[in-house]
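Engineer: Mapping of the sequence shown onto my numbering: position 319 corresponds to residue 319, and the numbering continues sequentially without gaps.
I have a structure here, written as structure tokens, and I will follow up with some questions on it.
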Amino acid sequence: MKKTVLFCLSISLFSGLLQAQQKKLTLQQIFEGQPSLTSSMSQIVGWSDDSHYLEVDGTDRKLYAVDVKSGAKSPYTPPPKSNVSLFMRDSEVYIQNGKDDAKRLTNNNDEEKNPTLSPDGKYAAFTRNNDLYAVEVSTGKEIRYTTDGTDVIYNGWSSWVYYEEILGRSTNYKAFWWSPDSKHLAFMRFDDTKVPMFPINGSTGQHGYTEKTRYPKAGDPNPQVKVGFVPTAGGQVTWADFNEKDDQYFGTPYWSFDGSNLMVQWVNRGQDNLKFYSVNPVSGVKKQIYDEKQPSWVDLDYDGRIEYLKDNKHYILKSDKTGWAHYYLYKLDGTLINPITSGKWQVANLEYVDEKNKVIYFTARKEASTRTDFYSVGYNGKNLKRLTFGDYNHQIMISDGGSYFITTYSNVATPPKRTLLNNKGTIVKELGDSKAADFNQYNFGKTEMITIPTDDGYNLPAVITYPTDFDQNKKYPVVMSIYGGPNAGSVSNSWKGIGGQWWSREGVVQIAVDHRASGQFGKEGVALMHRNLGKWEMKDYTTAARWLKAKSWVDNKKLLITGHSYGGYMTCLALTMGADDFDFGYAGAPVTSWELYDTNYTERFMDTPQENPEGYKNGSVLSYVDNYKGLLRIMHGDMDDNVHMQNTIQLVDKLQNANKHFELMIYPGGRHGWGGQKTPHDMAERFRFYYQHLLNKPVPAEINTMRALQTSTRK
Numbered sequence: 001m002k003k004t005v006l007f008c009l010s011i012s013l014f015s016g017l018l019q020a021q022q023k024k025l026t027l028q029q030i031f032e033g034q035p036s037l038t039s040s041m042s043q044i045v046g047w048s049d050d051s052h053y054l055e056v057d058g059t060d061r062k063l064y065a066v067d068v069k070s071g072a073k074s075p076y077t078p079p080p081k082s083n084v085s086l087f088m089r090d091s092e093v094y095i096q097n098g099k100d101d102a103k104r105l106t107n108n109n110d111e112e113k114n115p116t117l118s119p120d121g122k123y124a125a126f127t128r129n130n131d132l133y134a135v136e137v138s139t140g141k142e143i144r145y146t147t148d149g150t151d152v153i154y155n156g157w158s159s160w161v162y163y164e165e166i167l168g169r170s171t172n173y174k175a176f177w178w179s180p181d182s183k184h185l186a187f188m189r190f191d192d193t194k195v196p197m198f199p200i201n202g203s204t205g206q207h208g209y210t211e212k213t214r215y216p217k218a219g220d221p222n223p224q225v226k227v228g229f230v231p232t233a234g235g236q237v238t239w240a241d242f243n244e245k246d247d248q249y250f251g252t253p254y255w256s257f258d259g260s261n262l263m264v265q266w267v268n269r270g271q272d273n274l275k276f277y278s279v280n281p282v283s284g285v286k287k288q289i290y291d292e293k294q295p296s297w298v299d300l301d302y303d304g305r306i307e308y309l310k311d312n313k314h315y316i317l318k319s320d321k322t323g324w325a326h327y328y329l330y331k332l333d334g335t336l337i338n339p340i341t342s343g344k345w346q347v348a349n350l351e352y353v354d355e356k357n358k359v360i361y362f363t364a365r366k367e368a369s370t371r372t373d374f375y376s377v378g379y380n381g382k383n384l385k386r387l388t389f390g391d392y393n394h395q396i397m398i399s400d401g402g403s404y405f406i407t408t409y410s411n412v413a414t415p416p417k418r419t420l421l422n423n424k425g426t427i428v429k430e431l432g433d434s435k436a437a438d439f440n441q442y443n444f445g446k447t448e449m450i451t452i453p454t455d456d457g458y459n460l461p462a463v464i465t466y467p468t469d470f471d472q473n474k475k476y477p478v479v480m481s482i483y484g485g486p487n488a489g490s491v492s493n494s495w496k497g498i499g500g501q502w503w504s505r506e507g508v509v510q511i512a513v514d515h516r517a518s519g520q521f522g523k524e525g526v527a528l529m530h531r532n533l534g535k536w537e538m539k540d541y542t543t544a545a546r547w548l549k550a551k552s553w554v555d556n557k558k559l560l561i562t563g564h565s566y567g568g569y570m571t572c573l574a575l576t577m578g579a580d581d582f583d584f585g586y587a588g589a590p591v592t593s594w595e596l597y598d599t600n601y602t603e604r605f606m607d608t609p610q611e612n613p614e615g616y617k618n619g620s621v622l623s624y625v626d627n628y629k630g631l632l633r634i635m636h637g638d639m640d641d642n643v644h645m646q647n648t649i650q651l652v653d654k655l656q657n658a659n660k661h662f663e664l665m666i667y668p669g670g671r672h673g674w675g676g677q678k679t680p681h682d683m684a685e686r687f688r689f690y691y692q693h694l695l696n697k698p699v700p701a702e703i704n705t706m707r708a709l710q711t712s713t714r715k
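Laid out in structure tokens, this is it:
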């Protein structure tokens, strides 16, 4: 379960000014942005070199290269090689060079998937019917690399659990990788023969239909996986020297710069032992070069754990083995040279490596856990320097040679701004400010960052938005928005927009809270969830609920908690396990019992149901149904292939058998989210629920006619 982005226009937590102003925001401004209180800054899409950034002109929509010193603009045309695109049309693969006519590369009745150009531009690889192919661009000659693809054996096409949890949904099931020298294709072969099939039943048409997904639930057999290599010109497959029958996972692999070896990430089924192997693509021989064990688990990320250096002698590793994510410099043979960063703070992304001067540039949450800054430091860990400024959350775009960077920054009270700096942190020029000229004339509900203390020493970060013209002598209902998954915090000191100001106008307090295992306290905090999903999250959310209800300005019978996916799980748990502290819940696509979710995600934190029966029982919403006494609304898409609607059905069954009142909304055709006309319906239902139970009045007529409710889309 990758982090689900909890987004709903009606409940999002959005920022305001620290003092009330004169003008009142209109409905059109809040929901339609007419007139807007923020304006779009120029669209900067990257860098052409070390001293020119690329900007899309707001008038003619053409691409220009802008000189960082003079500001002079010149039309920019991408180099020929970077202007080549592969795409699908009518289930066939096409290639297009710049504005030339597209050329069809395949001509087959079966659909090709994930066409990918080789680095030298001479071949296009793809999968067809679960086998791996390539076509030579110049001649159209097709090369078939594998021949054993079936409905349960996939070559270069991932099994569902890898797609969802390891390689990532953005890959669209792609599981093959070109070597940098274009001489080899590495790929994974999956055998789902022993993986149980889960039926997802669609209700359209007279007889309905069934999608059959090989979905391993906690404790089930996983797919058997092999890592293979094929020469680009074709030939025999060379298999990496692993035993496919071992209970194991392979992470996203990394080619060395020269293509001489592939770095393969391996973890055991229990996911507490990570190893790196350097594998020769010609012989398949592997050499172990790294071994890490943790008492909790090791995440098999796909976000760039390893950075090979161009000297072909070293790599930089990102690891949270000390309890905090940091960078380490290693030799290619696995010898640790030294930690590059250290301390009780977290690195985020490695943005640039200056190999000549032996300096890395990276983002991190060092000054505060709720915001990101940009830093430089030497390979030896010396001369750590913050390059960004102020109490802002920074998003970085660094130049090709690392000499300059652009930051787009904001905080809860400041709409986004943009600045150009050099790699010493010196401001070169201001590039934009999204705040409209009359922004400060309007009356906003105040938004601020706060912390909520626990009884055992944690200060939980939270962002709170108060009602417009807040009066401590009044009592207000509260909406608490959460996600709650391990290392998946949602509280950040950044601008959120003004959509939530409608609820501020209506007198609703809005708050988001992160618990101790959200990542705000490093892996030290996250690891507390080991074998205990649900325990610490509920302890901290309950602490936040009691902190709120102790305030004189909170209506202590009107606290609503809401979330989607893991947030839906937490919402259901709050209305059952935490029934004494939460009054209303609005849950989307919830997990309700961890036996019903997939192997990789669930067992990483909980081990198997056979190994940890008490943990599964204690973390199940179904165990606490008898405590339920508030009002819960559950939403679920009946075609959800991630968190099966089975979760909601089993909770509904328990609630009915206990004679408990609740509300249920099923979205036919909906996956783990839903779109089209289901979205405005979802929005309208949420409004009705909030107005009925938190505000005790009907939805205003003006809201029911707003175009925004008909056109808004869930992210």
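Using N, Cα and C, we set each Cβ at its ideal position, and we do this for glycine too.
Nothing here was measured: the structure is a model prediction, and the numbers come from that model.
Measuring alpha carbon to alpha carbon, tell me which residue in THR599, LYS523, VAL479 is nearest LEU738.
Structural biologist: The shown model of the chain, from 1 to 715, leaves out residue 738, and the question about it has no answer.
Engineer: Quick one: Cα of GLY673 to Cα of TYR458, how far?
Structural biologist: For the purposes of this step, residue 673 is identified with residue 673 of the sequence shown, where counting begins at 1. For the purposes of this step, residue 458 is identified with residue 458 of the sequence shown, where counting begins at 1. The alpha-carbon atoms of GLY673 and TYR458 are separated by roughly 33 Å.
Engineer: Do the stretch 188-196 and the stretch 133-153 touch if we need at least three Cβ pairs shorter than 8 Å?
Structural biologist: With the cut-off at 8 Å, the stretch 188-196 and the stretch 133-153 touch.
Engineer: Can you give, in chain order, each stretch of the beta strand (DSSP E) that sits fully within the stretch 107-195 and has at least 3 residues?
Structural biologist: Entirely contained in the stretch 107-195, the beta strand (DSSP E) runs reaching 3 residues are, in chain order, 112-117, 123-128, 131-136, 142-144, 153-155, 176-178, 184-191.
Engineer: Starting from TYR409, follow its DSSP beta bridges and name the residues at the other end.
Structural biologist: Here residue 409 refers to the residue found at position 409 of the sequence shown. Bridge partners of TYR409: HIS394, LYS417.
Engineer: Can you give me the Cβ contacts of GLN248 inside the same chain, cut-off strictly under 8 Å, excluding the 5 residues immediately before and after it?
Structural biologist: Working through the sequence shown from its first residue, we reach residue 248 at position 248. Once the five neighbours on either side are set aside, the close Cβ partners of GLN248 are VAL225, PHE242, TRP266, VAL267, ASN268, ARG269.
Engineer: Please determine if the stretch 76-91 and the stretch 149-167 are in contact, where contact requires at least 3 C-beta pairs separated by less than 8 Å.
Structural biologist: As far as the Cβ criterion goes, the stretch 76-91 does not touch the stretch 149-167, which means the pair count is below three.
Engineer: In the DSSP assignment, what residue or residues form a beta bridge with GLY588?
Structural biologist: On the sequence shown, position 588 is the one that residue 588 refers to. BP columns for GLY588 point to HIS564, MET635.
Engineer: Can you list, in chain order, the residues of its chain whose CB lies under 6 Å from that of TYR94, leaving out five sequence neighbours each side?
Structural biologist: Residue 94 sits at position 94 when you count from the first residue of the sequence shown. The residues are PHE87, ALA102, ARG104.
Engineer: Starting from the N-terminal side, write out each stretch of the beta strand (DSSP E) that is 3 residues or longer and does not extend beyond the stretch 471-519.
Structural biologist: As far as the stretch 471-519 is concerned, its whole beta strand (DSSP E) runs of at least 3 residues are 476-481, 509-513.
Engineer: Quick check on ILE340: does DSSP put it in helix, strand or coil?
Structural biologist: Indexing the sequence shown from 1 puts residue 340 at position 340. Correct three-state label for ILE340: coil.
Engineer: Specify the secondary structure class of HIS314 as computed by DSSP and reduced to three states.
Structural biologist: For the purposes of this step, residue 314 is taken as the residue at position 314 of the sequence shown. If DSSP states are grouped into helix, strand and coil, HIS314 belongs with the strands.
Engineer: For GLU537 and TRP345, what's the separation of their Cα atoms in angstroms?
Structural biologist: Taking the sequence shown and counting its residues from 1, one reaches residue 537 at position 537. Taking the sequence shown and counting its residues from 1, one reaches residue 345 at position 345. Going from the Cα of GLU537 to the Cα of TRP345 covers about 21 Å.
Engineer: Note down, in chain order, each residue of its chain lying with its Cβ closer than 6 Å to the Cβ of MET635, except the 5 sequence neighbours on either side.
Structural biologist: As a working note, residue 635 is residue 635 in the sequence shown. For MET635, where only same-chain residues beyond five positions count, the Cβ hits under 6 Å are GLY588, MET665.
Engineer: Compare the Cα-Cα distances from GLY445 to each of GLY497, TYR404, LEU533 and report the closest residue.
Structural biologist: As a first step, residue 445 is located in the sequence shown; it is residue number 445 there, counting from the start. The residue with the shortest Cα to Cα distance from GLY445 is GLY497.
Engineer: Look at the alpha carbon of HIS515 and the alpha carbon of ALA488, and state the distance between them as a whole number of angstroms.
Structural biologist: Here residue 515 is taken as the residue at index 515 of the sequence shown, counted from 1. Here residue 488 is taken as the residue at index 488 of the sequence shown, counted from 1. Spanning the two alpha carbons is a distance of roughly 10 Å.
Engineer: I need the DSSP call for MET88, collapsed to helix, strand or coil.
Structural biologist: Within the sequence shown, residue 88 is the residue found at index 88, counting from 1. Strand.
Engineer: Taking the CB atoms as reference points, tell me whether ASN411 and TYR442 lie closer together than 7 Å.
Structural biologist: In the sequence shown, the residue the question calls residue 411 occupies position 411. In the sequence shown, the residue the question calls residue 442 occupies position 442. Contact: no.
Engineer: Alpha carbon to alpha carbon, how far is MET449 from THR408? Give it in angstroms, no decimals.
Structural biologist: Taking the first residue of the sequence shown as position 1, residue 408 is located at position 408. Taking the first residue of the sequence shown as position 1, residue 449 is located at position 449. Straight-line Cα distance between these residues: approximately 20 Å.
Engineer: How about VAL699 and ARG686: are their beta carbons less than 7 Å apart?
Structural biologist: Position 699 of the sequence shown, counted from the start, is the residue given in the question as residue 699. Position 686 of the sequence shown, counted from the start, is the residue given in the question as residue 686. Result no, Cβ atoms of VAL699 and ARG686 do not sit closer than 7 Å.
Engineer: Give the DSSP bridge partners of ASP291, in chain order.
Structural biologist: Taking the sequence shown and counting its residues from 1, the one referred to as residue 291 is at position 291. Its beta-bridge partners are LYS275.
Engineer: Is the Cβ-Cβ distance between TYR308 and TYR330 less than 7 Å?
Structural biologist: Start at 1 with the first residue of the sequence shown, and residue 308 comes out as number 308. Start at 1 with the first residue of the sequence shown, and residue 330 comes out as number 330. Not in contact: TYR308 and TYR330 (Cβ atoms no closer than 7 Å).
Engineer: Label HIS207 either buried or exposed according to how many other C-beta atoms from any shown protein chain fall within 10 Å of its C-beta, with 16 as the threshold for buried.
Structural biologist: On the sequence shown, position 207 is the one that residue 207 refers to. Counting Cβ neighbours within 10 Å, HIS207 comes out exposed, since fewer than 16 surround it.
Engineer: When the Cα of TYR173 is compared with those of SER179, PRO180, TYR163, PRO199, which residue comes out closest?
Structural biologist: Numbered from its first residue, the sequence shown carries residue 173 at position 173. Closest option to TYR173, Cα to Cα, is TYR163.
Engineer: Whole angstroms are fine: how far does the CA of VAL508 sit from the CA of PRO751?
Structural biologist: What the structure shows of the chain is the stretch from 1 to 715, and residue 751 is not part of that stretch, so it cannot be assessed.
Engineer: Do the CB positions of PRO223 and SER159 come within less than 7 Å of each other?
Structural biologist: Position 223 of the sequence shown, counted from the start, is the residue given in the question as residue 223. Position 159 of the sequence shown, counted from the start, is the residue given in the question as residue 159. For PRO223 and SER159, yes; Cβs fall inside 7 Å.
Engineer: In three-state terms, what does DSSP make of THR451?
Structural biologist: One-based indexing of the sequence shown puts residue 451 at position 451. Residue state, collapsed to three classes: strand.
Engineer: Since I believe VAL137 is in contact with ALA124 (beta carbons under 8 Å), could you give me their beta-carbon distance rounded to a whole number of angstroms?
Structural biologist: As a first step, residue 124 is located in the sequence shown; it is residue number 124 there, counting from the start. As a first step, residue 137 is located in the sequence shown; it is residue number 137 there, counting from the start. Confirmed, Cβ separation roughly 6 Å.
Engineer: Give the list of continuous alpha helix (DSSP H) stretches no shorter than 4 residues that lie fully inside the stretch 662-700.
Structural biologist: 678-690, all fully within the stretch 662-700.
Engineer: Out of curiosity, what's the CA-to-CA distance linking GLU112 and ARG604?
Structural biologist: Along the sequence shown, one-based indexing puts residue 112 at 112. Along the sequence shown, one-based indexing puts residue 604 at 604. Distance between the alpha carbons of GLU112 and ARG604 is about 34 Å.
Engineer: Express the C-alpha separation of TYR483 and ALA218 in angstroms, rounding to a whole number.
Structural biologist: Counting from one through the sequence shown, the residue named residue 218 turns up at place 218. Counting from one through the sequence shown, the residue named residue 483 turns up at place 483. The alpha-carbon atoms of ALA218 and TYR483 are separated by roughly 22 Å.
Engineer: When you compare only the Cα positions, how much space is there between LYS73 and LYS435?
Structural biologist: Residue numbering aside, residue 73 sits at position 73 when the sequence shown is read from its first letter. Residue numbering aside, residue 435 sits at position 435 when the sequence shown is read from its first letter. If you take the alpha carbons of LYS73 and LYS435, they lie about 25 Å apart.
Engineer: Hey, how far is the Cα of ASP57 from the Cα of LEU431?
Structural biologist: Here the question's residue 57 lines up with position 57 in the sequence shown. Here the question's residue 431 lines up with position 431 in the sequence shown. So the two alpha carbons sit approximately 14 Å from each other.
Engineer: So, at 6 Å on beta carbons, what are the nonlocal neighbours of THR238 in its own chain, with the 5 sequence-adjacent residues on each side left out?
Structural biologist: Along the sequence shown, one-based indexing puts residue 238 at 238. Closer than 6 Å at the Cβ level, and outside the excluded window around THR238, lie PHE229, GLY284.
Engineer: Report the residue from THR127, ALA134, GLY205, ASN114 whose alpha carbon sits nearest the alpha carbon of SER170.
Structural biologist: On the sequence shown, residue 170 is found 170 positions in, with the first residue counted as 1. The candidate whose alpha carbon is nearest that of SER170 is ASN114.
Engineer: Could you spell out the range, first to last residue, of the alpha helix (DSSP H) harbouring LYS601?
Structural biologist: Taking the sequence shown and counting its residues from 1, one reaches residue 601 at position 601. This sequence places Tyr at residue 601; Lys is not what is there. Element bounds for TYR601: 599-606.
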